[in-house]
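Residue numbers (my numbering): 4 to 90.
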């Protein structure tokens with residue numbers, strides 16, 4: 004195998020957001036609330052302060068649809084947030 008073939012095989016195929024939505028195994032309608040919650044969490048982080056709302060939503064959608072974020076992760080974030088806020 005040549006070096007060029009090795010590089011081509013190692014490079015991940017870039018999928019559009021539309022492809023990720025259509026191929027999401029857990030139901031595309033459950034991904035929307037997950038992405039909204041994750042976008043709110045990303046907005047709070049300092050490294051994402053410069054991003055526009057559209058970029059944040061795209062980043063959150065890619066994380067949810069790519070399997071990086073699950074309901075378990077979101078529950079941890081929400082419970083930690085509610086414990087941090089005294090009523």
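Where a beta carbon is used, it is the ideal one built from N, C-alpha and C, also for glycine. Small disclaimer: the values here were computed from a predicted structure and weren't measured.
Which listed residue (the options) has its alpha carbon closest to that of residue i
{"i": "residue 60", "options": "43, 73, 53", "result": "43"}
{"i": "residue 73", "options": "17, 39, 47, 25", "result": "39"}
{"i": "residue 27", "options": "84, 52, 68", "result": "68"}
{"i": "residue 81", "options": "33, 41, 30", "result": "41"}
Extent of the continuous alpha helix (DSSP H) run through residue i
{"i": "residue 19", "result": "Where residue 19 is concerned, there is no enclosing alpha helix (DSSP H), given that its DSSP letter is neither H nor E."}
{"i": "residue 80", "result": "74 to 87"}
Residue i, DSSP secondary structure in three states
{"i": "residue 65", "result": "helix"}
{"i": "residue 40", "result": "helix"}
{"i": "residue 45", "result": "helix"}
{"i": "residue 51", "result": "helix"}
{"i": "residue 29", "result": "coil"}
Inter-residue Cα distance where the pair is residue i and residue j
{"i": "residue 76", "j": "residue 70", "result": "11 Å"}
{"i": "residue 56", "j": "residue 22", "result": "21 Å"}
{"i": "residue 48", "j": "residue 87", "result": "16 Å"}
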